[in-house]
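In our numbering, the protein residues as written are 579 to 864.
A short write-up of the structure that comes next.
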């Protein structure tokens, strides 16, 4: 792994994600790229970014906002770095644009291997990393995305739960994950939760997954679980008790459709208690 990208809005919620990122980078030998996005306009149909900026704010005002953001970085990091005791190389960047769009663009840059996002543990805390923003970045980013709850302190990834939907791309995900994080020598529990009775066909799929994982990864620190639960999301979350990370494909429809469906009362802040690392099938296109 080369570079971890972490967007920040200088909030306490974001501060925890940045601290987590620095400690993770220290363990895996990565660098940190911190980005603050100045959203000084709202998109309008048929209007370019440059046109919107030029009509709303003069150049000197934009420059002043960028200078203020750079000073905010100094104050922000002066509180974090002494606490994490890290020697990780890092850079700070202030860019103008739309947060989601800029994260998608940044995620496609050479050397960017992971995005870390902050998520509030309370709906009352103010942050730009809202439910919708996180969902959009997870859906569109060109690299894996990790979501870190605001009250979760870094700890080595010794216990990892991988939520499986029996997709062949999960084998690529496991290989990619181990390539990046094998320094932790994690115990990986491959979990399939279904809201239907566990029948012979499901057991056969799990047996096939077990064989393929062992053959393809040449890694043997795996555990395999089949669970039945009327709510797939709750069933997966319950199985992460004591774990250090939840790993899954974004295309795991049973989980993400329920987790991010706007019409549901449950939100990601209600469910997610540990970091979640999400890959997209497109991440393995090359």
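Every residue gets a Cβ at the ideal spot worked out from N, C-alpha and C, and that includes glycine.
Cβ pair count under 8 Å reaching 3, the region 678-694 against the region 720-736: Between the region 678-694 and the region 720-736, the count of Cβ pairs shorter than 8 Å is three or higher; the stretches touch.
Alpha helix (DSSP H) segment containing residue 782, residue limits: For this step, residue 782 is matched to residue 204 along the chain shown. Run containing residue 782: 778-795, per the alpha helix (DSSP H) assignment.
Look at the Cβ atom of residue 582, then the Cβ atom of residue 673, and state whether they are nearer than 8 Å. Residue 582 sits at position 4 when you count from the first residue of the chain shown. Residue 673 sits at position 95 when you count from the first residue of the chain shown. By the CB criterion at 8 Å, residue 582 and residue 673 fall outside the cutoff.
Pull up the distance between the alpha-carbon of residue 730 and that of residue 659, whole angstroms please. Translated into the one-based positions of the chain shown, residue 730 becomes position 152. Translated into the one-based positions of the chain shown, residue 659 becomes position 81. Straight-line Cα distance between these residues: approximately 17 Å.
Looking only at C-alpha atoms, which of 710, 607 and 786 sits nearest to residue 759? Position 181 of the chain shown holds residue 759. Taking only the C-alpha atoms, the option nearest residue 759 is 607.
At what residues does the beta strand (DSSP E) containing residue 610 begin and finish? Position 32 of the chain shown, counted from the first residue, corresponds to residue 610. Per DSSP, the unbroken beta strand (DSSP E) holding residue 610 starts and ends at 609-616.
Relative to the C-alpha of residue 803, which residue among 785, 770, 594 and 797 is closest? As a first step, residue 803 must be located in the chain shown, where it is residue number 225. The residue with the shortest Cα to Cα distance from residue 803 is 770.
Excluding the 5 residues flanking residue 736 on each side, which residues of the same chain have their C-beta closer than 7 Å to its C-beta? For the purposes of this step, residue 736 is identified with residue 158 of the chain shown, where counting begins at 1. So the qualifying residues of the chain are 762, 764, 765 and 822.
Grouping DSSP H, G and I as helix and E and B as strand, with all else coil, what is residue 587? Along the chain shown, one-based indexing puts residue 587 at 9. DSSP places residue 587 in coil when its eight states are reduced to three.
Buried or exposed, going by whether 16 or more other CB atoms sit within 10 Å of the CB of residue 798? Sequence index remark: in the chain shown, residue 798 carries index 220 (1-based). Classification for residue 798: exposed.
Assign residue 687 to one of three DSSP states: helix, strand, or coil. On the chain shown, position 109 is the one that residue 687 refers to. DSSP places residue 687 in coil when its eight states are reduced to three.
According to DSSP, is residue 807 part of a helix, a strand, or is it coil? In the chain shown, counting from the first residue as 1, residue 807 sits at position 229. Coil.
Could you please give me the residues that DSSP links to residue 643 through a beta bridge? Counting from one through the chain shown, the residue named residue 643 turns up at place 65. Within the DSSP bridge table, the entry for residue 643 names no partner.
Own chain partners of residue 613 with C-beta closer than 6 Å, once the 5 adjacent residues on each side are dropped: To locate residue 613, count along the chain shown from 1; it is residue 35. For residue 613, same chain residues with a beta-carbon under 6 Å away, outside a window of 5 residues either side, are 585 and 671 in chain order.
Thinking residue 857 and residue 754 are a contact (beta carbons under 8 Å), I'd like their distance in whole angstroms, please. Numbered from its first residue, the chain shown carries residue 857 at position 279. Numbered from its first residue, the chain shown carries residue 754 at position 176. About 7 Å; that satisfies the 8 Å criterion.
Euclidean distance between Cα positions of residue 852 and residue 601: For the purposes of this step, residue 852 is taken as the residue at position 274 of the chain shown. For the purposes of this step, residue 601 is taken as the residue at position 23 of the chain shown. So the two alpha carbons sit approximately 16 Å from each other.
Reducing DSSP to helix, strand and coil, say where residue 850 ends up. Within the chain shown, residue 850 is the residue found at index 272, counting from 1. In the structure shown, the three-state DSSP call for residue 850 is coil.
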